[in-house]
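*Asks:* Chains as they are written, first to last, in our numbering: chain F, 1 to 347; chain Y, 1 to 347; chain L, 1 to 347.
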Amino acid sequence: MSKSSAGNFLEDFHVGQRIVHATPRTVTGGDVALYMALYGSRFAVQSSDAFAKACGYWSAPVDDLLVFHIVFGKSVPDISLNAVANLGYAECQFLKPVYAGDTLSATSEVIGLKENSNKQTGVVYVHTSGANQRSEEVLRFTRWVMVKKREEASIIDGQATPSLAPFVVADDLGHAVPELHNYDRILAGSRHLFADYAVGESIDHRDGMTVEEAEHQLATRLYQNTARVHFNAHAEAQGRFGRRLVYGGHVMSLARALSFNGLANAFHIAAINGGRHVAPLFAGDTVYAWSEIREKAEIPGRKDIGALRIVTRATKNIASSSFQIEDGGPDKPGVILELDYWSVMPR
Amino acid sequence: MSKSSAGNFLEDFHVGQRIVHATPRTVTGGDVALYMALYGSRFAVQSSDAFAKACGYWSAPVDDLLVFHIVFGKSVPDISLNAVANLGYAECQFLKPVYAGDTLSATSEVIGLKENSNKQTGVVYVHTSGANQRSEEVLRFTRWVMVKKREEASIIDGQATPSLAPFVVADDLGHAVPELHNYDRILAGSRHLFADYAVGESIDHRDGMTVEEAEHQLATRLYQNTARVHFNAHAEAQGRFGRRLVYGGHVMSLARALSFNGLANAFHIAAINGGRHVAPLFAGDTVYAWSEIREKAEIPGRKDIGALRIVTRATKNIASSSFQIEDGGPDKPGVILELDYWSVMPR
Amino acid sequence: MSKSSAGNFLEDFHVGQRIVHATPRTVTGGDVALYMALYGSRFAVQSSDAFAKACGYWSAPVDDLLVFHIVFGKSVPDISLNAVANLGYAECQFLKPVYAGDTLSATSEVIGLKENSNKQTGVVYVHTSGANQRSEEVLRFTRWVMVKKREEASIIDGQATPSLAPFVVADDLGHAVPELHNYDRILAGSRHLFADYAVGESIDHRDGMTVEEAEHQLATRLYQNTARVHFNAHAEAQGRFGRRLVYGGHVMSLARALSFNGLANAFHIAAINGGRHVAPLFAGDTVYAWSEIREKAEIPGRKDIGALRIVTRATKNIASSSFQIEDGGPDKPGVILELDYWSVMPR
């Protein structure tokens, strides 16, 4: 029984290795509708062809996180099928809009490798890139995962820890956004534009969303993400949590959709500086979110948009309104996600 | 924490006020597929481009209730986020077919305002209109909701109760239906046409459909309806019902899909005279439906179609076959919905 | 209350009878996205327009089993609404690719009829055919179901048991596959092509997938399959299993999607020789699968593809790795499906 893959172990990676991931994927209006049904996203640019065209897009671009999840999903069978933990991601840039009809494929390069002192696991760092059917890069990101070794006795050569950028610089933002015109903030749902947000400002997104097993399974399969912990109640009954774990990206999308209430004009994720899954989410839990404006930046050459650096935190089973920013850091009980990203917003 | 909206309260409305609702929404084949997966609808006109074209449509029109739910959903953040109850709707007309690719947007006008004697709540009456990307009105309806006051002490000026039409007149029906030709009743699933139905006739739709939390959440998010009671198990555990409530429109769509068995050629909802949610529905409940033909009408100028006025009642956890029309009125225990609508049917 | 259908009983069938099934159905990118979300299928040809075009298709063809389920679903209201059991299917051939935008319709011919000795039930054999909007046959299959008699006293005339082919011959395979060129096995996810598989070889597909009520209901409604046992918890509480039963075709699609891990290049089901649902599946169960290569065949006139005859077995709540082929026949406890089919694979 050898033709099926058990995934790669630490021994199977080396720095400089390039991996072409399987199963190119055409994104369609079907994916867009499912994404809306799964999260309830309401950003006008992604919701309406008419609105997007008026702004300067060809049609409504596909939600940035849907693109992220699909590209990420392709990397799972090769990179993280034997992952113990997804440790983090950084240096994520959205480079071109993706439209319904585009086909996404993904490749990764191993940029770091570090055995843990227990000799049973190690950390693999990869740079993953997503491209469309014209081989144009639409997305890139770095992630690092803790994976198992196949055998404790194996020697891991060529270890290296890459240095990662703490955040994406403003020059690298906005490439996926055409020059904006006719952005109608009334139709978009908020009068607040770039100038109206202040560094240090907090926004409670108010609403909560309870997650069902069927929902996160549908989502994660839609992304063709094969990580076993999300799908197999029979095996996970014997696993670390005793049950299925919700894909971390599902939490990102929920928090982002909730953030519409307060950030309706932050219509595009230009970059993700860092993401950290602080605690696991399970079906039956209710997700809330609040955000803090960490930084504001001009984008060189762009008079139409500015960049807001936003830290969105998601909680489970604790209303976001119960958090005071001064005492509600990412490690306060109940926080499950800290997402540090750049959004662009009309000026 | 002020940029997010807590919704409008009674004090925020005045008669004559016009509200442009956020987030225009392009309807796609993805929405149509999800709608089918959620309800199992089988009306041939909406299911098949080939069938619809043969009849005179450009392609399969989007299900009428899907259009209704999307337009309704847009009005929720502005009109009913602080609703205590959705009291009813009336004067609903479907004016033009909506096709995949069309973009829907919604506006409302406040047409009535009435404070309740308890000084804590009041009723807001709105006329809501949905339009496509060419600014053609595709749908209009009136609804009234009980909303909270922000403060008991507030004075509500300009109170007025509108008079509502008890039903839509036959002249106003069928505008969304092209002149029908080549309607194939074998392919459509029933040999019964307009002439075969009699006023007073009852039809048991027989089947039952059990609703899951994931299903009604997917549906309600698909409509971008943000009413909190549908999504937040954590907060609703402390709420009126102790659990999430199924969106009333979900029941309408279930009952309509079940009604195919007996009303297969009632392919289009031309108007809704009135809708009343008699009791709440929760996940785990099973919905049944039966219908009564209340009236038949000729449509001026139309030889191809006639209008049937149908009252469909949905029940929960009681088979529709157990109802006798003479003793099964809308207030018999187990009834959850009474929907009085005009359908058109080929002659 | 007579306009709704209670379905056909044994008395309603006769050999030679032709039935045009209701509700033609246009398949769209929405259906394809939902199918992916429901099963997580990863075959490159069906996932990517760009990949499929490079191979010689017009665009990505719709998954073969999605076509099967839709055509099968159309036959349910007429053939098997009063089925006691779906006994089997055979002689299933996929004859033409189906693309998003095509409209499927279905007809059946009764080819056999046999009353059971208990006089309460009997077996109906039908040959069902699915066609596209150009009346081209895209799929045909034979199935036989045990259905109830309306009355025990009825006399069933004209009984006949058809002889069924034990398997589809190689000459009849591959009609739905264009001459393949530029098939990229790296992008497709496996280096193993036709020559690499040996008769008698077993493949453990490793992963397990837990099924939720919402998932199988969404799937079965998407196929417009109205069989009551899948949807009505209220009635099924008094039924044979005390709960809703998962549609057997849902298991087929799960097993097929799982089989990607080990059969990534078996991208097309050319024919189904036989299918048997050995035991029922319920929500909460976890499905695993393994496959055995039973036969290899050249396809006359095709140098580009060869045919693998594969027997895939699905289990519930038992990891496929725990089965040894020598003692794990279809009747070992835990097996729920045995599917004997021909796949084509690039050479």
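Cβ atoms here follow ideal geometry from the backbone N, Cα and C, with glycine treated the same way.
Just so we're clear, the structure is a prediction, and the values are computed from it rather than from any experiment.
Compare the C-beta of Y:SER26 with all C-beta atoms of chain F and state if any pair is closer than 7 Å.
*Replies:* For the purposes of this step, residue 26 of chain Y is identified with residue 26 of the second sequence, where counting begins at 1. Residue 26 of chain Y is actually Thr in this sequence, not Ser. It does: the Cβ of Y:THR26 has a partner Cβ on chain F nearer than 7 Å.
*Asks:* Evaluate Y:PHE241 with the Cβ neighbour count: other Cβ atoms within 10 Å of its Cβ, from every protein chain shown; 16 or more gives buried, anything less gives exposed.
*Replies:* In the second sequence, residue 241 of chain Y corresponds to position 241, counting from 1. Exposed.
*Asks:* What is the DSSP secondary structure of F:HIS216, counted as helix, strand or coil?
*Replies:* As a position in the first sequence, residue 216 of chain F is number 216, starting the count at 1. Helix.
*Asks:* Can you say whether L:HIS181 is buried or exposed, counting buried as having 16 or more other CB atoms within 10 angstroms of its CB?
*Replies:* Your numbering for residue 181 of chain L matches position 181 in the third sequence. Result: exposed.
*Asks:* Just checking, does the stretch 274–282 of chain L make contact with the stretch 329–343 of chain L on the three C-beta pairs under 8 Å criterion?
*Replies:* Verdict: yes, contact present.
*Asks:* Check whether chain Y comes within 7 Å of F:PRO346, counting only Cβ atoms and requiring the distance to be less than that.
*Replies:* Position 346 of the first sequence holds residue 346 of chain F. It does not: the Cβ of F:PRO346 has no partner Cβ on chain Y nearer than 7 Å.
*Asks:* L:LEU258 to L:ALA52, Cα distance in whole Å?
*Replies:* Within the third sequence, numbered from 1, the residue matching residue 258 of chain L stands at position 258. Within the third sequence, numbered from 1, the residue matching residue 52 of chain L stands at position 52. Those two C-alpha atoms are separated by around 21 Å.
*Asks:* At a CB-CB cut-off below 8 Å, which residues of chain Y make contact with L:ALA33?
*Replies:* Along the third sequence, read from residue 1 onward, the residue named residue 33 of chain L stands at position 33. Simply GLY30, ALA33.
*Asks:* Run down chain L in chain order and give the residues with a C-beta less than 7 Å from the C-beta of F:HIS234.
*Replies:* One-based indexing of the first sequence puts residue 234 of chain F at position 234. Near F:HIS234 (Cβ distances below 7 Å), the residues of chain L are GLY208, THR210, THR286, ASN317.
*Asks:* Roughly how many angstroms lie between the CA atoms of Y:ALA160 and Y:LEU187, to the nearest whole one?
*Replies:* In the second sequence, the residue the question calls residue 160 of chain Y occupies position 160. In the second sequence, the residue the question calls residue 187 of chain Y occupies position 187. So the two alpha carbons sit approximately 50 Å from each other.
*Asks:* Taking the straight line between their C-alpha atoms, what separation do you get for L:ALA106 and L:GLY130?
*Replies:* Within the third sequence, residue 106 of chain L is the residue found at index 106, counting from 1. Within the third sequence, residue 130 of chain L is the residue found at index 130, counting from 1. Answer to the nearest angstrom: the Cα atoms are 4 Å apart.
*Asks:* Using a Cβ cut-off of 9 Å, pull out every chain L residue sitting near F:PHE231, in sequence order please.
*Replies:* Sequence index remark: in the first sequence, residue 231 of chain F carries index 231 (1-based). Per Cβ cutoff of 9 Å: GLY40, ASP207, GLY208, MET209, THR210, THR286.
*Asks:* Starting from the N-terminal side, write out each stretch of the beta strand (DSSP E) that is 3 residues or longer and does not extend beyond the stretch 103–145 of chain F.
*Replies:* 103–115, 121–131
*Asks:* Over the uninterrupted beta strand (DSSP E) stretch that includes F:ASN273, give me the two end residues.
*Replies:* To locate residue 273 of chain F, count along the first sequence from 1; it is residue 273. Note, F:ASN273: beta strand (DSSP E), 268–277.
*Asks:* Taking DSSP as the reference, what is the three-state secondary structure of Y:PHE346?
*Replies:* Stepping through the second sequence from its first residue, residue 346 of chain Y is reached at position 346. Here residue 346 of chain Y is Pro; the residue named in the question, Phe, does not match the sequence. Strand.
*Asks:* Taking all protein chains shown into account, decide if L:GLN93 is buried (16 or more other Cβ within 10 angstroms of its Cβ) or exposed.
*Replies:* In the third sequence, the residue the question calls residue 93 of chain L occupies position 93. Looking at its Cβ environment, which holds 16 or more other Cβ atoms inside 10 Å, L:GLN93 is buried.
*Asks:* I want to see whether chain L comes within less than 7 Å of F:LEU222, judged by CB atoms only; does it?
*Replies:* What you label residue 222 of chain F is simply residue 222 of the first sequence in a count that begins at 1. It does: the Cβ of F:LEU222 has a partner Cβ on chain L nearer than 7 Å.
*Asks:* DSSP state of F:TYR341, grouped into three classes?
*Replies:* Residue numbering aside, residue 341 of chain F sits at position 341 when the first sequence is read from its first letter. It is a strand residue.
*Asks:* Kindly say whether Y:LYS114, judged by its beta-carbon, lies nearer than 7 Å to any beta-carbon of chain F.
*Replies:* As a first step, residue 114 of chain Y is located in the second sequence; it is residue number 114 there, counting from the start. So no, Y:LYS114 is outside the interface.
*Asks:* Checking contacts by CB at 7 Å: is F:ARG18 closer than that to chain L?
*Replies:* Counting from 1 along the first sequence, the entry for residue 18 of chain F is found at position 18. Chain L contact via Cβ: absent.
*Asks:* Return yes when the Cβ of F:ARG244 is within less than 7 Å of the Cβ of F:HIS234, no when it is not.
*Replies:* Residue numbering aside, residue 234 of chain F sits at position 234 when the first sequence is read from its first letter. Residue numbering aside, residue 244 of chain F sits at position 244 when the first sequence is read from its first letter. Their beta carbons are not under 7 Å apart, which means F:HIS234 does not touch F:ARG244 by this criterion.
*Asks:* If you check the beta carbons only, do L:PHE13 and L:TYR89 fall under 7 Å apart?
*Replies:* Residue mapping note: residue 13 of chain L aligns to position 13 of the third sequence, counting from 1. Residue mapping note: residue 89 of chain L aligns to position 89 of the third sequence, counting from 1. At a Cβ-Cβ threshold of 7 Å, L:PHE13 and L:TYR89 do not count as neighbours.
*Asks:* Could you tell me whether the Cβ of F:LEU218 comes closer than 7 Å to any Cβ of chain L?
*Replies:* For this step, residue 218 of chain F is matched to residue 218 along the first sequence. So, interface residue.
*Asks:* Can you tell me the Cβ-Cβ gap for L:PHE260 and L:SER41, rounded? I've got them flagged as a contact below 8 Å.
*Replies:* Indexing the third sequence from 1 puts residue 260 of chain L at position 260. Indexing the third sequence from 1 puts residue 41 of chain L at position 41. Correct: roughly 7 Å between the Cβ atoms.
*Asks:* Within 7 Å of any Cβ in chain A, is that where the Cβ of Y:THR142 sits?
*Replies:* Here chain A cannot be found, since the structure's protein chains are F, Y and L.
*Asks:* Taking just the CA atoms, how far does Y:ALA214 sit from Y:ALA307?
*Replies:* Stepping through the second sequence from its first residue, residue 307 of chain Y is reached at position 307. Stepping through the second sequence from its first residue, residue 214 of chain Y is reached at position 214. Cα to Cα, Y:ALA307 sits roughly 36 Å from Y:ALA214.
*Asks:* Verify whether the separation of the beta carbon atoms of F:PHE267 and F:LYS148 is less than 7 Å.
*Replies:* Against the first sequence, residue 267 of chain F aligns to sequence position 267. Against the first sequence, residue 148 of chain F aligns to sequence position 148. Not closer than 7 Å, so no.
*Asks:* Out of L:ALA60, L:SER108, L:TYR125, state which residue places its alpha-carbon closest to the alpha-carbon of L:VAL98.
*Replies:* By one-based count along the third sequence, residue 98 of chain L stands at place 98. The shortest Cα separation from L:VAL98 among L:ALA60, L:SER108, L:TYR125 belongs to L:ALA60.
*Asks:* Quick check: is the beta carbon of F:HIS192 nearer than 7 Å to any beta carbon in chain Y?
*Replies:* Counted from its first residue, the first sequence places residue 192 of chain F at position 192. Yes, F:HIS192 lies at the interface with chain Y (some Cβ there is under 7 Å from its Cβ).
*Asks:* Quick check: is the beta carbon of F:MET146 nearer than 7 Å to any beta carbon in chain Y?
*Replies:* For the purposes of this step, residue 146 of chain F is taken as residue 146 along the first sequence, with counting starting at 1. By this cut-off, F:MET146 is not an interface position.
*Asks:* Using a beta-carbon distance below 7 Å, is Y:THR23 in contact with chain F?
*Replies:* Start at 1 with the first residue of the second sequence, and residue 23 of chain Y comes out as number 23. Yes, Y:THR23 counts as interfacial toward chain F.
*Asks:* Quick one, which residues of the stretch 40–61 of chain F are near chain Y if we go by CB-CB under 7 Å, in chain order?
*Replies:* GLY40, ARG42, ALA44, SER47, SER48, ASP49, ALA50, PHE51, ALA60
*Asks:* So, for F:MET1: in the same chain, excluding its five sequence neighbours on each side, which residues have a beta-carbon less than 8 Å away from its beta-carbon?
*Replies:* For the purposes of this step, residue 1 of chain F is taken as residue 1 along the first sequence, with counting starting at 1. Because the pLDDT of F:MET1 is 49, which lies under 50, any placement of that residue in the model is unreliable, and the question is left without a value.
*Asks:* Whether or not the stretch 183–203 of chain L and the stretch 294–311 of chain L are in contact is what I'm after, with contact meaning three or more pairs of Cβ atoms, one per stretch, closer than 8 Å; do they touch?
*Replies:* yes
*Asks:* Starting from the C-beta of L:ALA319, find all residues in its chain whose C-beta is less than 6 Å away, skip the five residues before and the five after it, and write them out in chain order.
*Replies:* The residue labelled residue 319 of chain L in the question sits at position 319 within the third sequence. Cβ within range, chain order: TYR288.
*Asks:* Beta-carbon of Y:GLY306 versus every beta-carbon of chain L: anything under 7 Å?
*Replies:* Counting from one through the second sequence, the residue named residue 306 of chain Y turns up at place 306. No, no contact with chain L.
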